[in-house]
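S.K.: Which chain is which? The protein sequence lines are A and B, in order.
The first sequence lines up with residues 56 to 161 when you count with the numbering used here.
The second sequence lines up with residues 149 to 639 when you count with the numbering used here.
No residue lacks a Cβ here, since even glycine has one placed at the ideal position from N, Cα and C.
Sharing a structure here in structure tokens format.
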Amino acid sequence: MPTLEHNGSSFQVDEDGFLLKGMEEFNQDWIDYVKGVEGISELTDEHNKVIDALQEYYKKNGIAPMVRILSKTTGFPLKRIYELFPSGPGKGACKMAGLPKPTGCV
Amino acid sequence: MMYEFKVSDIAEEFGVHRNTIRNWINAGTLPAQEGPGRKYLMKFEDYQILCEKFGREPLIRPDSSVDLKTVSFLEAEKRVGPVLELGKKVKTLYDDTQWADECLTCGTCSSACPISGVDGLDPRKIVRMAFLGLEDDLIASDWAWKCTMCAKCEDVCPANIQIVQLMRRIRSRRERDKVPGPIHKGVMTCLERGNNIGIPKDDFLHLVEELGEELAEESCPGFVTPVDIHGARIMVTVNSREPFAEPDDLKWWWKIFHAAGESWTLTSENWEGVNWGLFSGDDEAMRTVVGRIVDNMRRLNCEMLLLPECGHAYFATRFGLNRWYPEALKEFKICTIFDLLLEYLNAGRIKVDNTIHTKRTVYHDPCNYGRKSMRAFGQAYYEEGRAITRACCPDLVDMEPNRGANYCCGAGGGAWAMPFADERVYYGRMKARQVSESEAKLVIASCHNCRDQLKKSLNQEYNLGVEVKYLWELVADSLVLPKNEINWTVG
């Protein structure tokens, strides 16, 4: 599996570019790296709120939450989540939060 | 240089019995390998040694009357490649001669395959490699995973080689932890949690209830999402990606059911219609997932099974029912989205307005409902999708080629979820060209993968500038609802 370096941190990623060890290796440098590859111009508190919500749900349930749950826990409408993470909550947001890629046709 | 011989010829040459030659080969005394066409190959030097041993003149001499000195400078250029170890071992990748032996090596499959030539992928080469026993190389390569199993190669094959079966067998031999992307993980999650993504039961039930309430408010007064309704006529499965990522998309079907006054139900558990065992080559998992659907059908005593998600869900489930649960098909019927929508339209159970979608429209034939269904079940759905589309869109045109000869969108066989995005987009160039040449502004797809590839990938990658809708989305958006003749919007 490939390893990549960013700002001095090194990360093991899977073939889809998701953190292989998940939240164990998740840190600020990872967020900064994903921000670049996902084409997010500026990181805001809203992004952090989505990341926190994803991680919290994942710790409890072992999967990423459905978008409607994410929408409710963050208070952001779905449209806003897509604005924050253009490739969608299942791809960009999960990647940034250190969650594995959802295992469906997403 | 290799010397090619038939056992009978060399036996005659050396005055021994054929079995003696075979014994020598098996014992290694005669260092020869089995080659194609029941012939054997040995190094010419070994043949010469054999001749010396028997005091015979070799039948052929590779020398010529050319003065070798004049061409000796070429000697340095001469490259001798490694000799492949062929034959000898049992070929386990196929158990039917139609999977490889009968290949004519004409290459028609390679011409038909939209991804042939990419990363060394070539269906003819793959068939030959299977024939020659180069199994480890096939299993280690990603070719079988980049193939979308669209069966275009099979469709054109004059020898009727079962290439898709071979591809799936190659996939099945990959170590499970080396299956690309989330395919195997999805299978395991489905086995453990009842759906590919692992959505908890409470979350799912809460969501479908909430969506039902919204639908009742928006356009279908009195609508309540039916779950685990005993004796409902139709049991409907779900693609986990919809509750997970695009929950509002579920409402299109529900709205149609409501308008048709249908008796239908979802199930609270094991509601997944997607069956990735088909993609990963995992028969046991595939059988289990189909078996759960059978259990749900029996538990709820429903007459018909509808897998509205995608061509794949329908194909995998019908294939699994035929193969492992043929007795269940006497208890209930598996119906396609086409059968059901046409039933509604023909019986006047739903009415559609054909003045809403006036743009030029083109219908995409999914491989699973067309070419692959024809090969597997002897029944393809080509005209049905067009008839339904035509009822909503007066300006309907065809792509070229179409129906059984149609090109795959490029995202089938699990490609939408696999980590080979560049290959998937390149594959889709054929589809993009077909869409573009049709000059249509609206593309209708009756399969999730096709729709996603067209709408979310090819549309942008190839600047198609088209709108893409599911077939049932088109119908739902065209519905004339019984109580409110002009309300045809959905959330």
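Does the distance from the CB of residue 462 of chain B to the CB of residue 484 of chain B come in under 7 Å?
M.R.: In the second sequence, the residue the question calls residue 462 of chain B occupies position 314. In the second sequence, the residue the question calls residue 484 of chain B occupies position 336. The answer is yes: Cβ separation under 7 Å.
S.K.: From residue 280 of chain B to residue 184 of chain B, what does the alpha carbon distance come to, in whole angstroms?
M.R.: Indexing the second sequence from 1 puts residue 280 of chain B at position 132. Indexing the second sequence from 1 puts residue 184 of chain B at position 36. Near 8 Å, if we compare the C-alpha coordinates of residue 184 of chain B and residue 280 of chain B.
S.K.: Could you please give the first and the last residue of the uninterrupted alpha helix (DSSP H) stretch that includes residue 462 of chain B?
M.R.: Translated into positions along the second sequence, residue 462 of chain B becomes position 314. Per DSSP, residue 462 of chain B belongs to the alpha helix (DSSP H) from 459–472.
S.K.: Can you tell me which of the three DSSP states residue 399 of chain B falls into?
M.R.: Position 251 of the second sequence holds residue 399 of chain B. Looking at residue 399 of chain B - three-state DSSP - the assignment turns out to be helix.
S.K.: Buried or exposed for residue 253 of chain B, going by 16 or more other Cβ atoms inside 10 Å?
M.R.: Position 105 of the second sequence, counting from 1, holds the residue named residue 253 of chain B. Burial call: exposed.
S.K.: Would you mind sorting residue 341 of chain B into buried or exposed? The rule is 16 or more other CB atoms within 10 Å of its CB.
M.R.: The residue given as residue 341 of chain B occupies position 193 in the second sequence. Residue 341 of chain B should be labelled buried.
S.K.: In the DSSP assignment, find the unbroken beta strand (DSSP E) run with residue 190 of chain B in it and report its ends.
M.R.: Working through the second sequence from its first residue, we reach residue 190 of chain B at position 42. Residues 188–191.
S.K.: If distances are taken between C-alpha atoms only, which option among B/203, B/220, B/309 and B/369 comes closest to residue 641 of chain B?
M.R.: Shown here, chain B extends from 149 to 639; a query on residue 641 of chain B therefore has no answer.
S.K.: Using the C-alpha atoms, what's the distance from residue 423 of chain B back to residue 336 of chain B?
M.R.: Taking the second sequence and counting its residues from 1, the one referred to as residue 336 of chain B is at position 188. Taking the second sequence and counting its residues from 1, the one referred to as residue 423 of chain B is at position 275. Cα-Cα distance, rounded: 11 Å.
S.K.: Would DSSP call residue 580 of chain B helix, strand or coil?
M.R.: For the purposes of this step, residue 580 of chain B is taken as the residue at position 432 of the second sequence. Three-state result, residue 580 of chain B: helix.
S.K.: List the residues of chain A that residue 355 of chain B touches, going by C-beta distances under 9 Å, in chain order.
M.R.: One-based indexing of the second sequence puts residue 355 of chain B at position 207. Under the 9 Å cutoff, chain A gives 121, 123 and 124.
S.K.: Work out the CA separation of residue 60 of chain A and residue 100 of chain A for me, nearest whole Å.
M.R.: Position 45 of the first sequence, counted from the start, is the residue given in the question as residue 100 of chain A. Position 5 of the first sequence, counted from the start, is the residue given in the question as residue 60 of chain A. Cα-Cα distance, rounded: 25 Å.
S.K.: Along chain A, which residues have their Cβ under 7 Å away from the Cβ of residue 184 of chain B?
M.R.: For the purposes of this step, residue 184 of chain B is taken as the residue at position 36 of the second sequence. Ordered by position in chain A, no residue passes the 7 Å Cβ test against residue 184 of chain B, which lies about 36 Å from the chain.
S.K.: What is the rounded straight-line gap between the Cα of residue 407 of chain B and the Cα of residue 155 of chain A?
M.R.: Against the second sequence, residue 407 of chain B aligns to sequence position 259. Against the first sequence, residue 155 of chain A aligns to sequence position 100. Straight-line Cα distance between these residues: approximately 40 Å.
S.K.: Between the region 327–338 of chain B and chain A, which residues of the former have CB atoms less than 7 Å from a CB of the latter, in chain order?
M.R.: Result list: 328, 329, 330, 333, 334 and 337.
S.K.: Return the CA-CA distance between residue 112 of chain A and residue 580 of chain B, expressed in angstroms with no decimal places.
M.R.: Counted from its first residue, the first sequence places residue 112 of chain A at position 57. Counted from its first residue, the second sequence places residue 580 of chain B at position 432. The alpha-carbon atoms of residue 112 of chain A and residue 580 of chain B are separated by roughly 39 Å.
S.K.: Among residues of its own chain, excluding the 5 on either side of residue 456 of chain B, which ones have a beta-carbon nearer than 7 Å to its beta-carbon?
M.R.: Here residue 456 of chain B is taken as the residue at index 308 of the second sequence, counted from 1. 384, 401, 485 and 620.
S.K.: Who are the Cβ neighbours of residue 157 of chain A in its own chain at under 6 Å, not counting the five residues just before and after it?
M.R.: Against the first sequence, residue 157 of chain A aligns to sequence position 102. So the qualifying residues of the chain are 119 and 145.
S.K.: For a contact meaning CB atoms closer than 7 Å, what does residue 564 of chain B contact in chain A?
M.R.: Against the second sequence, residue 564 of chain B aligns to sequence position 416. Within chain A, the residues near residue 564 of chain B are 160.
S.K.: What's the gap between the Cα of residue 242 of chain B and the Cα of residue 166 of chain B?
M.R.: Position 94 of the second sequence, counting from 1, holds the residue named residue 242 of chain B. Position 18 of the second sequence, counting from 1, holds the residue named residue 166 of chain B. Roughly 29 Å separates the two Cα atoms.
S.K.: Determine the contact status of residue 516 of chain B and residue 562 of chain B, defining contact as a CB-CB distance below 7 Å.
M.R.: As a position in the second sequence, residue 516 of chain B is number 368, starting the count at 1. As a position in the second sequence, residue 562 of chain B is number 414, starting the count at 1. No. Outside cutoff.
S.K.: Determine, using beta carbons only, whether residue 64 of chain A and residue 58 of chain A come nearer to each other than 7 Å.
M.R.: Counting from 1 along the first sequence, the entry for residue 64 of chain A is found at position 9. Counting from 1 along the first sequence, the entry for residue 58 of chain A is found at position 3. No, these two residues do not count as a Cβ contact at 7 Å.
S.K.: Roughly how far, in whole angstroms, is the beta-carbon of residue 450 of chain B from the beta-carbon of residue 497 of chain B, given that I think they are within contact range, below 8 Å?
M.R.: In the second sequence, the residue the question calls residue 450 of chain B occupies position 302. In the second sequence, the residue the question calls residue 497 of chain B occupies position 349. About 18 Å separates the two Cβ atoms, so there is no contact after all.
S.K.: Report all residues from its chain with a CB closer than 7 Å to the CB of residue 301 of chain B; omit the five preceding and five following residues, and keep chain order.
M.R.: As a first step, residue 301 of chain B must be located in the second sequence, where it is residue number 153. Result list for residue 301 of chain B: 257, 260, 261, 271 and 311, in chain order.
S.K.: Which whole-angstrom value is the C-beta distance of residue 601 of chain B and residue 548 of chain B, which I expect to be below 8 Å?
M.R.: Position 453 of the second sequence, counting from 1, holds the residue named residue 601 of chain B. Position 400 of the second sequence, counting from 1, holds the residue named residue 548 of chain B. About 19 Å separates the two Cβ atoms, so there is no contact after all.
S.K.: Check whether the Cβ of residue 421 of chain B lies closer than 7 Å to any Cβ atom in chain A.
M.R.: By 1-based counting over the second sequence, the position of residue 421 of chain B is 273. It does not; no Cβ of chain A falls within 7 Å.
S.K.: Taking all protein chains shown into account, do 16 or more other C-beta atoms lie within 10 angstroms of the C-beta of residue 267 of chain B, making it buried, or fewer, making it exposed?
M.R.: The residue labelled residue 267 of chain B in the question sits at position 119 within the second sequence. With fewer than 16 other Cβ atoms within 10 Å, it is exposed.
S.K.: Which word fits residue 153 of chain B, buried or exposed, when buried means at least 16 other C-beta atoms lie within 10 angstroms of its C-beta?
M.R.: Residue mapping note: residue 153 of chain B aligns to position 5 of the second sequence, counting from 1. Buried, since its Cβ has 16 or more Cβ neighbours within 10 Å.
S.K.: Expressed to the nearest angstrom, what Euclidean distance is found between the alpha-carbon atoms of residue 206 of chain B and residue 163 of chain B?
M.R.: The residue labelled residue 206 of chain B in the question sits at position 58 within the second sequence. The residue labelled residue 163 of chain B in the question sits at position 15 within the second sequence. Distance between the alpha carbons of residue 206 of chain B and residue 163 of chain B is about 14 Å.
S.K.: Output the distance between the C-alpha atoms of residue 410 of chain B and residue 607 of chain B, rounded to the nearest integer angstrom.
M.R.: Locating residue 410 of chain B in the second sequence gives position 262, counting from the first residue. Locating residue 607 of chain B in the second sequence gives position 459, counting from the first residue. Looking at the two C-alpha atoms, the distance is approximately 35 Å.
S.K.: Who are the neighbours of residue 71 of chain A on chain B, taking C-beta pairs under 7 Å?
M.R.: Counted from its first residue, the first sequence places residue 71 of chain A at position 16. Correct list: 329 and 567.
S.K.: From residue 344 of chain B to residue 159 of chain A, what does the alpha carbon distance come to, in whole angstroms?
M.R.: To locate residue 344 of chain B, count along the second sequence from 1; it is residue 196. To locate residue 159 of chain A, count along the first sequence from 1; it is residue 104. Near 6 Å, if we compare the C-alpha coordinates of residue 159 of chain A and residue 344 of chain B.
S.K.: When you compare only the Cα positions, how much space is there between residue 502 of chain B and residue 429 of chain B?
M.R.: On the second sequence, position 354 is the one that residue 502 of chain B refers to. On the second sequence, position 281 is the one that residue 429 of chain B refers to. Between residue 502 of chain B and residue 429 of chain B, the C-alpha separation is close to 43 Å.
S.K.: Closer than 7 Å between beta carbons: that is the criterion. Which residues of the region 381–411 of chain B meet it against chain A?
M.R.: Correct list: 387, 388, 389, 391, 392, 393 and 395.
S.K.: Between the C-alpha atoms of residue 361 of chain B and residue 371 of chain B, what's the straight-line distance to the nearest angstrom?
M.R.: Along the second sequence, one-based indexing puts residue 361 of chain B at 213. Along the second sequence, one-based indexing puts residue 371 of chain B at 223. Cα to Cα, the separation comes out at about 7 Å.
S.K.: Could you check which residue in B/324, B/490 and B/159 has the C-alpha nearest to that of residue 535 of chain B?
M.R.: For the purposes of this step, residue 535 of chain B is taken as the residue at position 387 of the second sequence. Nearest of B/324, B/490 and B/159 to residue 535 of chain B, Cα basis: B/490.
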